[in-house]
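Residue numbers (the numbering used here), protein chains in the order written: chain A, 1 to 302; chain B, 303 to 604.
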């Protein structure tokens, strides 16, 4: 058992996406997919998810080929979770055309004895009751992080609040932070969320960068500027992959490590949006990550 | 004659503003006002503008009290330029309720022989034909900067293009950059504008910070995070004041100086939005500017 393995629980999906630059039909997507395709550069990753019988074998092989442990991906009777989205020129906000939960609807992740022992866990955006169900199964968690979405804030607020009391890192986007806290101003929103439990609140603002709040410090990072954002799908989860991945080196969340982790997350997200699906992340090398990390220094120093 | 004096040509106005936090009626505003209240920390400033006979003497004294040369502010027959705006929770985008140009309508700035010799000039958002008219009167300009707005992009594009061929620094917000260039992506937008002449294109994104483009480098700066943005009016012009003000020390636009200038601009803008009118800027001290500059380092280092 690796002492830095990350358990990623979330979706493995088939996405159909249209952007101003092209379209893709039923390509590999899902929060756990994007997360693990990014986090694998920093630590071994085990995915727990569910797919349907129609899930293409080539996609399972693709994830496996990235060095990710896919034994926790169950195949259930029925169809795979599908998402269909449209991005217009404002690439920060997709329009969801269709969501078919399919097998994901009855997803109730039971962890293998191996997975229960992972010291790191990323709970991607799923029902907060399930996120807590996973967390309770884990035996020696050193660092836990979770994401969520407006749907759970609106429909499962008490469960989400309980979850916030037991995770160390909470990641969300700016509108989610506002909705969860009832504060428009992001400083006040983050302070409100920090009071509910997490040590870190990471607010992802898409093309406008990331704000990372702790009780002791505040870090602002711009997004990497690209001449072409091809497809923003998965940007948040690939950010989380780089961020949590890097933090396996500093589970006590030292301030310098957290700052660097935000930049590594931003680097992974920036590569991810250069193509549909995980195509760019699958080809990425560590040297590419380090190069862009250096560019971030250059873009922001004064 | 100071060898670092800045000439600021633009509006001196009476603003009525409503924000989620309060309202102000007929307070001192205008682009030249905000610019000079900020730039004065770095270099002597002379303002050229026009007001009406109803312009309160106390406001003229207020500007003068900041050490700004107001001899170029003419008083014309008629009423002062008035703007009325409403900000809702999304403080980045004001809703203009009323614009009364009044004496500003026939503003045709003729420079005194002293003002013609200023080595630095900021041409705030006015008709690009007037901006060029001012620039042509100047005898030994070392550094020129201008701003504009969507109205001129839509109605005076050829004039604006000619202006871009003769200024060194162009400042605008993100939607103006997009409209002027016809490119949604800001990298491509900035490249398009750089090809029209300026050495620097500075895109102001409000609460999302600033992107500064030159042919040789790119600099990204976040905005200072405030727990309360009281009134965003004048943020862009106070940014310009800090930015151009600092650059009087480096008229050749050395890369390190430009980067620092962006941060000084952001510091001034962040103070400005803490109150209505120039109230906060009027009370500001150099030590406050240096403190927040240091905080910017701390907020962004990794």
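For every residue, glycine included, the Cβ atom is placed at its ideal position computed from N, Cα and C.
1) So, for residue 115/A: in the same chain, excluding its five sequence neighbours on each side, which residues have a beta-carbon less than 7 Å away from its beta-carbon?
2) For residue 23/A and residue 94/A, I'd like the C-alpha separation in whole angstroms.
3) With 8 Å as the threshold, decide whether the Cβ of residue 263/A is near any Cβ in chain B.
4) Give the list of continuous beta strand (DSSP E) stretches no shorter than 3 residues that lie fully inside the segment 74 to 158 of chain A.
5) Determine, using beta carbons only, whether residue 89/A comes closer than 8 Å to chain B.
6) Between the segment 182 to 210 of chain A and chain B, which residues of the former have a C-beta closer than 9 Å to a C-beta of the latter?
7) At the 8 Å Cβ level, is residue 81/A part of the contact set with chain B, yes or no?
8) At 8 Å on the CB atoms, spell out the chain A contacts of residue 601/B, in chain order.
9) Would you list the one or two residues that DSSP bridges to residue 221/A?
10) When the cut-off is 8 Å and only beta carbons count, does residue 529/B lie next to chain A?
11) Measure the beta-carbon distance from residue 465/B to residue 433/B and round it to whole angstroms, keeping in mind my assumption that it falls under 8 Å.
12) Going along the chain, which residues of its own chain have a beta-carbon closer than 7 Å to the beta-carbon of residue 595/B, five neighbours each way excluded?
13) Taking 8 Å as the threshold (C-beta atoms), are residue 469/B and residue 311/B in contact?
14) Closest to residue 527/B by C-alpha separation, out of 32/A, 78/A, 191/A, would be which residue?
15) Per DSSP, which residues does residue 326/B bridge with? Please list them.
16) Between the segment 499 to 519 of chain B and the segment 278 to 288 of chain A, can you find at least three pairs of beta-carbon atoms closer than 8 Å?
17) Looking at C-alpha atoms only, which residue of 548/B, 403/B, 579/B, 554/B is the closest neighbour of residue 343/B?
18) Show which residues of chain A have a CB atom less than 8 Å away from the CB atom of residue 561/B.
19) Identify the residues that DSSP records as bridge partners of residue 173/A: which are they?
20) Exposed or buried, what is residue 534/B when buried is set at 16 or more other beta-carbons lying within 10 Å of its beta-carbon?
21) In this structure, does DSSP put residue 372/B in helix, strand or coil?
22) Below 8 Å between beta carbons: does that hold for residue 129/A and residue 161/A?
23) Using a threshold of 8 Å, state whether the C-beta atoms of residue 602/B and residue 180/A are closer than that.
24) Applying the 10 Å Cβ sphere with the 16-neighbour rule, what's the burial state of residue 350/A?
25) Considering only C-alpha positions, which residue in the set 256/A, 202/A, 241/A is nearest to residue 5/A?
26) By DSSP's criteria, residue 6/A is part of a beta bridge. Which residues make up the other side?
27) According to DSSP, simplified to helix, strand and coil, what is residue 273/A?
28) Given a threshold of 16 other Cβ atoms within 10 Å of its Cβ, counted over all protein chains shown, does residue 519/B qualify as buried or as exposed?
29) By the three-class DSSP mapping on this structure, what secondary structure does residue 165/A have?
30) Tell me the DSSP bridge mates of residue 187/A?
31) Once you ignore the five residues that flank residue 238/A on each side, which residues in its own chain have a CB closer than 6 Å to its CB?
32) Taking the alpha carbon of residue 259/A as the reference point, which residue from 604/B, 558/B, 556/B, 582/B has its own alpha carbon closest?
33) Please classify residue 546/B: does DSSP put it in a helix, a strand, or coil?
The answer reads as follows:
1) 7, 46, 48, 72
2) 13 Å
3) yes
4) 82 to 86, 95 to 100, 120 to 123, 143 to 146
5) yes
6) 184, 185, 186, 187, 188, 191, 205, 207, 208, 209
7) no
8) 218, 219, 220
9) 210/A
10) yes
11) 5 Å
12) 565, 566, 569
13) no
14) 191/A
15) 319/B
16) no
17) 548/B
18) 301, 302
19) 204/A
20) buried
21) strand
22) no
23) no
24) Any answer about residue 350/A is impossible in this case: the structure gives chain A only from 1 up to 302.
25) 241/A
26) 45/A, 120/A
27) coil
28) exposed
29) coil
30) According to DSSP, which records beta bridges pairwise, residue 187/A is partnered with nothing at all.
31) 34, 38, 268, 269, 272
32) 604/B
33) helix
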